[in-house]
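Q: So my numbering is basically just the index in the sequence shown, starting at one, shifted up by 425. Beta carbons are placed, not taken as given, at the ideal position from N, Cα and C, and that holds for glycine. Keep in mind the model is a prediction, meaning the values are calculated, not measured.
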Amino acid sequence: MKNNIPHFNSVTDFEQFYNDYLDRTNPTRLRVKPKPTKFKLTKRKVVKKRNEEVRTDANGIPHVHVISPVVTREVPDTNQFTKLIIAYFESVLGCKSVRRISSEGRFRPNKAHPNGGTWLPGVNNGIEDVQAIVNGRLVAVEVKFTKTDRMRPEQIKRMNEVEADGGVYIVAREFGEFQNLIRSIL
């Protein structure tokens, strides 16, 4: 099976393959041509908020005066990278049992609470971001797409558990490296 797995030189190459895959597997897609799927792996993040003040003119009419504009920069988008990995499992490896695992907590509003509510921690602490079954083996993928993102102790414990049970644990940092790791385990 290793020789049958295509290798993509770029995300753009994979996007073309994935859109062709969607056209082949979903006949209704051919009737109404949707916009092609794109995996934009970066997003704009606000670094510095806009600084403004309200001034009134001679007639007493208020006007917003911008002292300094908003400053943004391009940062990696881990959410899009995770979607890319799921699409890879589905289209290239034909996995039907691939899923994303959510581990973040949630905010429960409560008007009586001084902060307006309470934060409930997630119950999947340490669980990988993506799970797939490939050739009868669990493949667990932890997405670490930013330079500062490191494995937490709970995640290292989970990695050891998965590998002890015969599964494969992958830490995905970039698309090319992820492809090579998948090819090496098959």
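Assign Asp502 to one of two classes, buried (16 or more other C-beta atoms within 10 Å of its C-beta) or exposed (fewer than that).
A: With 16 or more Cβ atoms within 10 Å of its Cβ, Asp502 is classed as buried.
Q: How about the stretch 546-560 and the stretch 573-586: do they share at least three Cβ pairs that are nearer than 8 Å?
A: Touching, per the Cβ criterion.
Q: Should the stretch 502-518 be regarded as contacting the stretch 465-484, the criterion being three or more beta carbon pairs within less than 8 Å?
A: At 8 Å Cβ cutoff, the stretches touch.
Q: Under the DSSP definition of a beta bridge, which residues are partnered with Lys470?
A: Bridge partners of Lys470: Arg498.
Q: Mapping the DSSP letters down to three states, classify Asn476 as helix, strand or coil.
A: Residue state, collapsed to three classes: strand.
Q: Excluding the five sequence neighbours on either side, which residues of its own chain have a C-beta within less than 8 Å of the C-beta of Val472, listed in chain order?
A: Correct list, in chain order: Val496, Thr497 and Arg498.
Q: Do you know how far the Cα of Thr573 is from the Cα of Ser493?
A: Using only the alpha carbons, I get a separation of about 29 Å.
Q: Around the C-beta of Glu586, are 16 or more other C-beta atoms found within 10 angstroms, so that it is buried, or is it exposed?
A: So Glu586 ends up on the exposed side.
Q: Assuming Leu563 is part of the beta strand (DSSP E), what are its boundary residues?
A: Arg562 to Val568 is the extent of the beta strand (DSSP E) around Leu563.
Q: Please state whether the Cβ-Cβ distance between Val564 and Asp554 is less than 8 Å.
A: No, the Cβ-Cβ distance between Val564 and Asp554 is not below 8 Å.
Q: Quick one: what's Val491 bridged to in DSSP?
A: In the DSSP output, where bridge partners are listed per residue, Val491 has Glu477.
Q: Using three-state DSSP, classify Ala597 as helix, strand or coil.
A: Reduced to three states, the DSSP call for Ala597 is strand.
Q: Is Phe464 helix, strand or coil by DSSP?
A: Of the three classes helix, strand and coil, the one that applies to Phe464 here is coil, per DSSP.
Q: According to DSSP, is Val457 helix, strand or coil?
A: Val457 falls in the coil class under three-state DSSP.
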